[in-house]
Structure formats: C-alpha cells, structure tokens
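Structure first, then comments.
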Amino acid sequence: ERLNGSQIFSKLDLRSGYFQVPLAPEEHSKTAFTTPDGLWEFTRLPQGLKNSPSVFQRLMNQTLGSLRWDVCLAYLDDIIVYSSSFDQHVLDVNQVCQVLHASNFKLNSNKCAFFQHEITFLGHKINAHGCSPNDDNIRSILQFPLPQSSKAAHSFLQMVGFYRKFIPRFAQISAPLNKFTRKGFPFIWTEAEQLAFDQLKTAITSPAVLILPDPSQLYIIRTDASRVGIGAVLLQQQPPDSISTPTSALYKPVAFASRSLKPAEKKYSAIELEALAIWWSVTQKFRSYIEGQQFFLETDHKPLLSLMKKPYHNTRIERWMTTLQQYDMIIHHIAGKDNTTADALSRYPVDRPDINDEDTPRLITSSTQTEDLFVNAVTTRSMIRNHPPAVPSTTTSSSSPSSK
1 ERLNGSQIFS KLDLRSGYFQ VPLAPEEHSK TAFTTPDGLW EFTRLPQGLK NSPSVFQRLM
61 NQTLGSLRWD VCLAYLDDII VYSSSFDQHV LDVNQVCQVL HASNFKLNSN KCAFFQHEIT
121 FLGHKINAHG CSPNDDNIRS ILQFPLPQSS KAAHSFLQMV GFYRKFIPRF AQISAPLNKF
181 TRKGFPFIWT EAEQLAFDQL KTAITSPAVL ILPDPSQLYI IRTDASRVGI GAVLLQQQPP
241 DSISTPTSAL YKPVAFASRS LKPAEKKYSA IELEALAIWW SVTQKFRSYI EGQQFFLETD
301 HKPLLSLMKK PYHNTRIERW MTTLQQYDMI IHHIAGKDNT TADALSRYPV DRPDINDEDT
361 PRLITSSTQT EDLFVNAVTT RSMIRNHPPA VPSTTTSSSS PSSK
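Numbering (UniProt numbering), first residue to last: 1 to 404.
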C-alpha cells in the first residue's frame with residue numbers, strides 16, 4: 001500500500017551491513033570459535049547467529065525512524081525509497097542518506113540504484129503499475145536442469161513456489177511434484193512429473209501482475225469453497241469509480257489466497273464451507289487491507305446473503321458471523337461463471353492449513369441460549385436424546401469444531 005502512487009524509486013544497499021554493527025566488549029566471548037590458528041571471536045555482529053537478523057532489523061527501524069513507511073522501507077540491509085515525483089524523490093533520498101550517515105552506516109555504491117522508474121527489490125520487479133517476478137530469478141528457474149533426485153525436485157519446487165502468488169492454479173500444476181517434499185520419498189520421474197516441470201517453467205514466463213493497493217479506493221473480496229479447499233481474491237477498481245455499482249471489467253488483482261481443508265472441515269456442509277471461506281479471507285488473509293473501511297464481499301452462494309441480517313441457528317456459523325460484524329462490508333451475490341478465480345483457488349489450493357489457526361475464536365453468542373453466560377441453559381428433547389444430561393455448557397469452546 002505504501003508504494004501506491006509512487007513513480008520514482010531508489011534502492012540502497014549497505015556494505016557488509018552486519019559487520020558495521022559493533023558488539024559490546026563483554027559480548028565478544030559469546031561468539032568465540034576455534035581454528036587451527038587458535039581461538040577467535042567476533043568484534044562485530046556476525047552472520048549466522050540466531051538473533052543477528054532481528055537485532056539488525058531493529059537497529060535499522062530505529063535509524064530510519066519516522067522516515068520508515070512514509071518515504072522508505074527496509075528489510076535488513078536493503079532499503080527502497082519511493083516518491084510520487086522527481087523533485088520529491090531528491091528530498092526523500094537526501095533525508096534517508098543523512099540519517100544513515102549520522103549512524104555511521106556506509107553504502108555499497110555498486111549495488112545501489114537511484115532515480116529509477118522500475119526497480120528490483122526482494123526478488124520482485126516494482127514500478128508504478130504493480131509488482132511482478134524479477135527477470136533474473138525467472139531466468140534461473142527456466143535454466144534449472146532436469147531433476148535427478150528427490151532433493152533436486154524439491155529445490156525446483158521451492159524456487160518456483162516463491163512466485164506462486166503470480167501463477168494461476170499453481171497447486172494443481174505442481175501436484176505431481178509435491179510428493180518429493182516428503183522426507184525419504186523415492187525418486188520416480190514419470191510423464192506426469194515431466195509435464196508438471198515443463199508447465200511450471202511455461203507459467204513463470206508470463207506471470208500475473210499484481211497491482212499496488214490504493215487504500216483510498218474500494219476493495220472487493222471474492223470467495224469460494226469446494227470439497228478440497230477455500231479460496232479468495234482481493235481486487236480493486238482501476239480506475240476508481242462509484243462504489244455503488246462495481247463493474248467486473250474494472251477489477252484488478254491485489255492478492256490471491258487459498259488453502260486446503262483440514263480433515264474436520266471436509267465434513268462441513270456447503271453453507272458452512274462458504275461461510276468459512278468468508279471468515280478466513282476477511283479475518284485471516286486480507287484483514288490488514290480492509291480493516292477500518294467499507295468493502296464489497298462477493299460470493300456465488302446466495303444463502304449467505306441473509307446471514308448478516310438474521311440469526312442462523314448453527315453455532316459454528318454464528319461464531320464466524322459474530323466476528324465479521326466488526327467489519328463494514330456489503331455482501332453481493334454473483335453468478336458462478338463470474339467467480340472463476342476464487343473458484344479455481346478453492347479447487348486447487350496453494351497452502352496447507354495451519355494447525356495453529358484459530359478458526360473458532362472464543363466468543364459468547366446470544367442467539368444460542370446454551371452458549372450464553374447470562375441465559376439459563378435450555379435443552380430440547382432431541383438434544384437430550386443425542387446428548388445425555390450433564391453439566392450445562394455455558395461458553396463456546398476454543399477448540400476445533402470437529403471436537404464437538
């Protein structure tokens with residue numbers, strides 16, 4: 001979001017960044033190591049220590065201070081400066097260089113680039129139109145030799161997987177190669193693996209370009225679910241138009257997201273899966289984009305339109321909808337033929353579910369009396385038949401829905 005509207009970019013690289021940070025004398029002995037020539041210890045921040053990246057990143061954040069996020073971003077010793085005009089960029093670069101000089105940081109002139117309309121940063125090519133993979137990294141993927149072992153196949157999958165957000169149906173294409181990520185899996189290369197290998201190389205040559213998000217413009221989230229996974233795509237109108245009647249032709253992708261279903265989630269009903277896709281995309285994946293502003297949510301599952309207007313007697317959906325009430329969203333129904341991207345992501349998910357994800361946060365609901373702290377437990381005959389009387393439950397468990 002910070003880069004949106006920027007036209008001019010500069011990239012700064014520190015010369016041996018870690019070694020520019022002196023260690024306190026009392027910490028030298030903690031970095032000691034032995035060699036044939038004797039015992040040695042670092043006097044500067046060494047690479048390889050567990051805390052070195054976090055210490056250096058914190059130091060960079062403190063050095064750049066208020067300039068960070070407003071005129072520049074820093075990832076360890078790589079800094080990108082961005083501005084909307086040439087004159088403003090002169091001032092911004094000067095400010096960043098001054099604070100670095102004041103902290104005795106030195107730049108590597110061979111790796112710096114100034115006043116560019118397009119720049120490469122952290123493996124991505126960035127310009128005023130959006131973000132796409134770096135050409136050099138694409139070339140490395142295209143020149144990757146035919147794997148001769150499971151380890152080599154795994155390495156290739158990791159290389160191309162770094163850009164999976166740019167490749168439509170990445171999970172479907174790469175499926176034959178995923179087995180090589182398992183430890184000890186024997187290397188068997190068939191036509192299926194060869195086809196996946198070739199298709200991934202072809203796909204990376206024409207990746208999608210993700211636009212830089214503009215927080216002042218309308219966001220649209222499209223979701224879908226299948227028996228395999230859930231998927232979502234975050235879009236924005238380009239150019240900006242009235243938010244009352246969003247036009248599909250104006251939508252440009254900002255981000256894609258998908259994941260596979262957990263074993264318990266595969267038992268959910270269709271409406272539960274569609275509701276899960278909405279809850280997950282809004283609260284887990286795209287929250288940083290849409291929090292605090294109105295946005296459209298589009299789904300091809302029409303029964304979901306009424307969920308935010310009236311109670312739905314399903315405790316699982318009730319919990320998700322209660323969480324979603326804090327967001328200013330307008331739900332629209334769209335035809336399935338217009339929801340092809342989210343549909344494909346749900347059927348061919350990229351990410352595996354995180355076992356630490358809290359799909360059911362601890363909440364108190366009011367429409368289900370058996371789960372309200374302030375209302376006496378009410379049971380029906382059918383509930384008694386299915387669950388023999390015990391101590392009435394008054395709070396929603398924080399465990400997975402499958403544990404019920």
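Note that the Cβ used here is the ideal one computed from N, Cα and C, for glycine as well.
- By the Cβ-count criterion, Ala74 is buried, with 16 or more other Cβ atoms from all chains shown falling within 10 Å of its own Cβ.
- Taking 9 Å as the cut-off, the beta carbon of Glu265 is found no closer than this to the beta carbon of Ile317.
- In this structure, Ile221 sits away from Phe166, with a CB-CB distance that is not shorter than 9 Å.
- With a 10 Å radius around the Cβ and a threshold of 16 neighbouring Cβ atoms, Lys151 comes out exposed.
- Taken atom to atom, the span from the alpha-carbon of Ala192 to that of Asp198 is near 10 Å.
- Three or more pairs of CB atoms, one per stretch, sit closer than 8 Å, so the segment 9 to 23 contacts the segment 102 to 109.
- Sixteen is the threshold: since fewer than 16 other Cβ atoms of the shown chains lie within 10 Å of the Cβ of Gly5, the residue is exposed.
- Taken through DSSP and simplified to helix, strand or coil, Gly231 comes out as strand.
- Taking the C-beta atoms as reference points, Pro176 is found no nearer than 9 Å to Leu146.
- DSSP places Phe156 within a helical segment (H, G or I) once states are collapsed to three.
- In the structure shown, Thr323 falls within a helical segment according to DSSP collapsed to helix, strand and coil.
- Going by DSSP, Lys50 is part of no alpha helix (DSSP H) at all; its letter is neither H nor E.
- With distances taken between CA atoms, Met321 lies nearest to Glu274 out of Glu274, His333, Ile8.
- Here DSSP, grouped into helix, strand and coil, assigns Cys72 to strand.
- Under the three-state reduction of DSSP, Cys131 is assigned to strand.
- The continuous stretches of beta strand (DSSP E) do not include Ser288, which lies in the alpha helix (DSSP H) extending over residues 287 to 290.
- Counting the other CB atoms within 10 Å of its CB gives Trp279 a total of 16 or more, which places it among the buried residues.
- One alpha carbon belongs to Leu39, the other to Ala255, and they sit about 51 Å apart.
- Note: Tyr82 is bridge-paired with Phe9 in the DSSP secondary-structure output.
- Rounded to whole angstroms, Asn134 and Val55 show a C-alpha spacing of 28 Å.
- With respect to Val96, Leu64 sits close: the two C-beta atoms are nearer than 9 Å.
- Per DSSP, the continuous beta strand (DSSP E) segment holding Ile221 begins and ends at 219 to 225.
- When DSSP reads this structure, Lys125 sits in a beta bridge with Thr120, Ser132.
- The beta carbon of Gly130 is closer than 6 Å to those of Val209, Leu210, Ile211, Leu212 in its chain, skipping five residues each way along the sequence.
- For Ile330, the enclosing beta strand (DSSP E) covers residues 329 to 333.
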